[in-house]
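In full-length UniProt numbering, the protein residues as written are 1 to 133.
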């Protein structure tokens, strides 16, 4: 409902979803040249207080601070993920050459075997289990 009756320049401000930021205040912000979140992030509290009530200025600054914190956390997650990644080539170089974990010698091993011919018997890890009803 808020988007109706707002000039196109002010639509970015409506998407901030700040309680108390009405059409009237959005119009005042756009008239003063603050048309998006980036502009609001660069402006000082005193300059915003000339255009908006102090309670609304505090809400705007809290929202912008939250967004900056979220972006910083996302950036940190990406950095830690990059640090944890090890290229396959390096991993093979550090592996012990005498290791028994060579994939060339391994064959798949049956863990669970259920036969259609013998529905009364299940073989699990080489152990026969009789099924009763």
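Virtual Cβ for every residue (Gly too), placed ideally from N, Cα, C.
In the same chain as residue 27, and ignoring 5 residues on each side of it, the C-beta atoms closer than 8 Å to its own belong to 6, 7, 10, in chain order. Under the three-state reduction of DSSP output, residue 7 falls in the coil class, being neither helix nor strand. Residue 30 and residue 19 have their C-alpha atoms roughly 18 Å apart. Rounded to whole angstroms, the gap between the alpha carbons of residue 110 and residue 75 is 44 Å. Taking all protein chains shown into account, residue 57 has 16 or more neighbouring C-beta atoms within 10 Å of its C-beta and is therefore buried. For residue 77, no pairing in a beta bridge is given by DSSP.
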